[in-house]
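Going by UniProt numbering, the first residue of the sequence shown is number 1, and it counts up by one from there.
Each residue gets a CB set at the ideal place from its N, CA and C atoms; glycine is no exception.
Down below is the structure, laid out as structure tokens.
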Amino acid sequence: MFTSVNTRSASVYKRVAVETGVQAADSHRLVGMLFDGLLQAVAAARGAMERGDLVVKGEQIGKAVRIVEEGLKAGLDPAGGEMAQNLRALYAYSVRRLTEANLRNDPSALAEVATLIEPVAQAWQDIRGQALQGA
Numbered sequence: 001m002f003t004s005v006n007t008r009s010a011s012v013y014k015r016v017a018v019e020t021g022v023q024a025a026d027s028h029r030l031v032g033m034l035f036d037g038l039l040q041a042v043a044a045a046r047g048a049m050e051r052g053d054l055v056v057k058g059e060q061i062g063k064a065v066r067i068v069e070e071g072l073k074a075g076l077d078p079a080g081g082e083m084a085q086n087l088r089a090l091y092a093y094s095v096r097r098l099t100e101a102n103l104r105n106d107p108s109a110l111a112e113v114a115t116l117i118e119p120v121a122q123a124w125q126d127i128r129g130q131a132l133q134g135a
């Protein structure tokens, strides 16, 4: 199958915008981008699940798992104390629930992950806002 020029152009534009955003971001913003990507992937997986699109559902859940494992969890400081331990446990639980959602086509597991991650993502944004106000 061929894709339209508009679709290819939009894809290239999106990729360049993301790459530019990553290059210009500080470490705090990069973590914020990981949270955004995770929540977007979970939402996309829920939509795909509702439509019965198993391929997209699997791709989006896989993306969400990679963001958690390779981005958020891998970025935790091993000597980060209780906070890092709690986040590591939350991320491990989230990966387990994402996997169960994929295996069982369970939208409630996806909703649970979003509900658990959203306050952490919001707190991360609030910390950045406070740091910028103090600067």
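Residue 121 places its beta carbon 8 Å or farther from that of residue 30. Residue 45 is positioned such that its CB atom lies closer than 8 Å to that of residue 64. By the C-beta density criterion, residue 83 is exposed, having fewer than 16 other C-beta atoms within 10 angstroms.
For residue 125, the CB contacts under 7 Å within the same chain, skipping 5 residues up- and downstream, are 32 in chain order. Counted as a single uninterrupted DSSP element, the alpha helix (DSSP H) harbouring residue 31 occupies residues 27-51. Sequence-distant partners of residue 41 (beyond 5 residues in either direction) whose C-beta falls short of 7 Å from its own C-beta, in its chain, are 60, 63, 64, 67.
In terms of CA proximity to residue 116, 97 leads the group 127, 47, 97, 85.
At the C-beta level, residue 105 and residue 49 come within 8 Å of one another. Counting along the chain, no alpha helix (DSSP H) covers residue 67, and no H or E run does either. Taking 8 Å as the cut-off, the beta carbon of residue 34 is found closer than this to the beta carbon of residue 71. Cβ-Cβ separation between residue 109 and residue 100: approximately 5 Å, consistent with a contact (criterion under 8 Å). Between residue 80 and residue 73, the alpha-carbon positions lie close to 12 Å from each other.
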